[in-house]
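S.K.: My questions will all concern the structure given below.
Number of protein chains: 2
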Amino acid sequence: MAYEFYYWPWIQGRGEVVRLALEYVGADYVDIGRGSEEDRQGVAAIRAFLESDAAQPQPYAPPFLKAGELVIAHAANILMYLGDHHALAPSDEAGRLYAHQLQLTVTDFVKEIHDTHHPIANALYFEDQIDEAKQKSVHFLEIRAPKYLGYFERVIAGNSEGSDYAIGSAPTHVDLSIFQLIAGLRYAFPKAMARIEPDFPLASRLHDTVAALPRIAEYLASDRRIPFNEKGVFRRYPELDP
Amino acid sequence: MAYEFYYWPWIQGRGEVVRLALEYVGADYVDIGRGSEEDRQGVAAIRAFLESDAAQPQPYAPPFLKAGELVIAHAANILMYLGDHHALAPSDEAGRLYAHQLQLTVTDFVKEIHDTHHPIANALYFEDQIDEAKQKSVHFLEIRAPKYLGYFERVIAGNSEGSDYAIGSAPTHVDLSIFQLIAGLRYAFPKAMARIEPDFPLASRLHDTVAALPRIAEYLASDRRIPFNEKGVFRRYPELDP
């Protein structure tokens, strides 16, 4: 039985870390939002699902994953589930909680990245909050991004297995997400990342190691990987990367 | 063996949902940040812990809970752990994931509430971003807060047990957090909440039901409950609640 993944078809967004996990484990899945309305897929199917009645109230928002009867929302929660069912995280309690904790730090970082271009309101266009976005991006690039990247650098350095990864000797969902963070920051802030990324060589190497994993490399080269663009979390606005 | 809870002693902040859970289950715990330096507690002990070496790299930030050898960070992750160990969440996989999903929606809401007073940067004072905070608060109170509260209202209405709670017939960590959201929003935005809270009668009733639970009522009346103030997530700034 195939997983059904529900997320907006035009962006990587908050859903991309889930797509990376599904691809890495070789899961049988349907990316519902990217399907056609003829097949009862597409954006209309996402909206219809969110408005449908069920024994359990539907999620607040995409991304969510349908796994048989289960409906699992929030990227970090989905990754915890996939971690348990596809050996994409440690299986002992301490390791599971630690992997999830790191993923929740990723979630916080992603929200701050998103808010660099939308500091006032999602409901406003970027152009309507550009001055505030410039201010926020200065602080983000000087303080917040180095603080988060420095934390993940310490996590990788502190991996008792001494591998390229954040935890243990094999990739977990945390590594896939760190890959996505580095790739996205390089896209959105190429000038700033050229300056600051050399301070985080282990995170940088983790990015390259993950990108070279065969299933990830194949995915990134496929049309299933939606290109970065100015509708998602990571947006290249030159005004914000002077 | 007592839990050790690590969070800033001067605020409810992101840690309060954990304090509420520890109090509700009657856990044996030490609120390290509120202890004295003579007992090797207090803020210095939190900072020392974060900078200490361990087999597993330390958390990015408080709150975190030490449970024997386990160190668990992020409020939602701690609540998942307490949910499992103190029957503060459903025990089946679907129920656990659903409770955690709702708690992660709480986390997102809390971040948006925090950002009403700090839309540009945490490193700046409120007074240095007051114009932006006013703009953000207008959108927050008109669009975001009603959207989140409306979601939790639907969750409570959709509870197949028909209780006052979000899930099942007994309180879970989700209910304690919805209580905290309502209490905090009433404190921070008394005028706006007087207008909008009547649209969410089930969330409002849930607040009152949780406040009357004997252990919660005792906690709220004790000096263990830090009063709301202008250093935490929920701040009463009249400029933001015109």
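Which chain is which? The protein sequence lines are A and B, in order.
With the first letter of the first sequence counted as 1, position 135 gets the number 136 in my numbering; the numbers rise by one all the way through.
With the first letter of the second sequence counted as 1, position 79 gets the number 80 in my numbering; the numbers rise by one all the way through.
Using N, Cα and C, we set each Cβ at its ideal position, and we do this for glycine too.
Values in this document were obtained by computation on a predicted structure and should not be read as measured data.
From which residue to which residue does the alpha helix (DSSP H) around Asp-85 (chain A) run?
M.R.: Segment 76 to 86, the alpha helix (DSSP H) holding Asp-85 (chain A).
S.K.: For Leu-89 (chain A) and Leu-125 (chain A), what's the separation of their Cα atoms in angstroms?
M.R.: Going by the C-alpha atoms only, they are around 38 Å apart.
S.K.: How would you call Gly-185 (chain B), buried or exposed, if buried means at least 16 neighbouring beta carbons within 10 angstroms?
M.R.: Its Cβ being crowded by 16 or more others within 10 Å, Gly-185 (chain B) is buried.
S.K.: Please check if any C-beta of chain B sits within less than 7 Å of the C-beta of Ile-121 (chain A).
M.R.: Yes, its Cβ sits closer than 7 Å to a Cβ of chain B.
S.K.: Starting from Glu-5 (chain A), follow its DSSP beta bridges and name the residues at the other end.
M.R.: Answer by DSSP bridge pairing, in chain order: A:Val-31 and A:Lys-67.
S.K.: Could you run through the stretch 5 to 21 of chain A and flag, in chain order, every residue whose CB is less than 8 Å away from some CB of chain B?
M.R.: Residues passing the 8 Å Cβ filter: none.
S.K.: Given that Ala-95 (chain B) touches chain A, what residues does it touch there, using C-beta distances under 8 Å?
M.R.: What Ala-95 (chain B) touches in chain A: Gln-57, Glu-70 and Leu-71.
S.K.: How should Ile-79 (chain B) be labelled, buried or exposed, when 16 other C-beta atoms within 10 angstroms of its C-beta is the threshold for buried?
M.R.: Buried: at least 16 other Cβ atoms inside 10 Å.
S.K.: Does any CB atom of chain A fall closer than 7 Å to the CB of Glu-240 (chain B)?
M.R.: Chain A contact via Cβ: absent.
S.K.: Taking buried to mean at least 16 other C-beta atoms within 10 Å of its own C-beta, is Ala-45 (chain A) buried or exposed?
M.R.: With fewer than 16 other Cβ atoms within 10 Å, it is exposed.
S.K.: Anyone know if the C-beta pair for Ala-74 (chain B) and Pro-60 (chain B) falls short of 7 Å?
M.R.: Their beta carbons are under 7 Å apart, which means Ala-74 (chain B) touches Pro-60 (chain B) by this criterion.
S.K.: Among residues of its own chain, excluding the 5 on either side of Pro-120 (chain A), which ones have a beta-carbon nearer than 7 Å to its beta-carbon?
M.R.: These residues qualify, in order along the chain: Gln-130, Glu-133, Ala-134 and Lys-137.
S.K.: Would you give the residue range spanned by the alpha helix (DSSP H) that Asp-176 (chain A) belongs to?
M.R.: Segment 174 to 189, the alpha helix (DSSP H) holding Asp-176 (chain A).
S.K.: When DSSP labels each residue in this structure, what does Val-156 (chain A) get in the three-state scheme?
M.R.: Three-state result, Val-156 (chain A): helix.
S.K.: Rank A:Glu-24, A:Ser-178 and A:Glu-231 by C-alpha distance to the C-alpha of Glu-128 (chain A) and give the top, closest one.
M.R.: Minimum Cα distance to Glu-128 (chain A) is reached at A:Glu-231.
S.K.: Comparing alpha-carbon positions, which option in B:Ala-49, B:Asp-209, B:Ile-197 and B:Ala-212 lies nearest Gly-151 (chain B)?
M.R.: Ranking B:Ala-49, B:Asp-209, B:Ile-197 and B:Ala-212 by Cα distance to Gly-151 (chain B) puts B:Ile-197 first.
S.K.: Report buried or exposed for Ala-122 (chain A), applying the criterion of at least 16 other Cβ atoms within 10 angstroms of its Cβ.
M.R.: So Ala-122 (chain A) ends up on the buried side.
S.K.: Whose CA, out of A:Gln-13, A:Glu-38, A:Tyr-166 and A:Phe-6, lies closest to the CA of Tyr-30 (chain A)?
M.R.: Selected option, being the one with the closest Cα: A:Phe-6.
S.K.: Report yes if the CB atom of Gln-181 (chain B) is closer than 7 Å to the CB atom of Val-18 (chain B), and no otherwise.
M.R.: Going by C-beta atoms, Gln-181 (chain B) is nearer than 7 Å to Val-18 (chain B).
S.K.: Report the neighbours of Pro-63 (chain B) on chain A: residues whose CB is nearer than 8 Å to its CB, in chain order.
M.R.: Simply none; closest approach about 12 Å.
S.K.: Ala-74 (chain B): beta carbon under 6 Å from a heavy atom of the ligand MN?
M.R.: Annotation note on the ligand MN: not contained in the displayed structure, which lists no ligands.
S.K.: Name, please, each residue of chain A whose Cβ falls closer than 8 Å to the Cβ of Arg-155 (chain B).
M.R.: Per Cβ cutoff of 8 Å: Pro-58.
S.K.: If contact means a Cβ-Cβ distance below 7 Å, which residues of the stretch 125 to 151 of chain B contact chain A?
M.R.: Of all residues in the stretch 125 to 151 of chain B, Glu-133, Gln-136, Lys-137, His-140 and Ile-144 have a Cβ within less than 7 Å of some Cβ in chain A.
S.K.: Please decide whether Gln-102 (chain A) counts as near chain B, where near means a Cβ-Cβ distance under 7 Å.
M.R.: For Gln-102 (chain A), the answer is yes, since a Cβ of chain B falls inside 7 Å of its Cβ.
S.K.: So, at 6 Å on beta carbons, what are the nonlocal neighbours of Phe-110 (chain A) in its own chain, with the 5 sequence-adjacent residues on each side left out?
M.R.: Within the same chain, Phe-110 (chain A) has close Cβ partners Tyr-149.
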